[in-house]
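Residue numbers (this note's numbering): 24 to 168. Glycine residues also receive a C-beta, built at the ideal position from the N, C-alpha and C atoms. This structure is a prediction, so every number in the text was calculated from the model and none was measured. In what follows, a single structure is set out as structure tokens and then discussed.
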Amino acid sequence: MAVWEWTRDMMVGIDDIDFQHQELIDIISMLHETTEGLQFDSAHRTLIYLESYVVVHFGTEELYMKQFEYPNTEAHVTEHRKFKEDFDNIRLDFARRGASPMFVEHIKSWSAHWLFDHVAKHDVEMGSYIKAKMDEVGRRGRDNR
């Protein structure tokens, strides 16, 4: 059973990013399941997969922000950096101590904050701006025909 599920209030309106958010939520849910089950090898593989997927996802978001000149790019990229720093600490903590009950609770609160603060608020805000810019570019293109 998934710990977190993608909901429509997390939808940014950009298919690439929405798909990646759904995948991230699946990976984070898998991480919860493997750490709660104290499955060290599976949890370790999931952490590695999450780390690589986040690089791709942040790259996608940052490309859209740059392409459409999103005014809050700097603050958004700073949040991405903070995520990476926090994630590095989580990964190191897991390597040192394994999946203790305290670690599991930390993962839950950290990921809840990330999903419901960053994705559902900041990414949705970014998506609204970029989607409006994409629509504007599309309208201009149709008007110039």
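(message) Does His146 pass the burial test, meaning 16 or more other C-beta atoms within 10 Å, or should it be called exposed?
(response) Just to set this straight, residue 146 is Asp in the shown sequence, not His. That one is buried.
(message) Could you tell me the alpha carbon to alpha carbon distance between Lys156 and Asp32, rounded to whole angstroms?
(response) 20 Å
(message) DSSP three-state label for Tyr93, please.
(response) coil
(message) With three or more C-beta pairs closer than 8 Å as the rule, is the region 39–53 touching the region 100–111?
(response) no
(message) Between the alpha carbons of Thr69 and Ser123, how many angstroms are there, rounded?
(response) So the alpha carbons of these two residues sit roughly 16 Å apart.
(message) Can you list, in chain order, the residues of its chain with a C-beta nearer than 7 Å to that of Met24? Leave out the 5 residues immediately preceding and following it.
(response) Low per-residue confidence applies at Met24: pLDDT is 48, beneath 50, and the placement is therefore not dependable, though the value from the model is reported in the following sentence. Closer than 7 Å at the Cβ level, and outside the excluded window around Met24, lies no residue.
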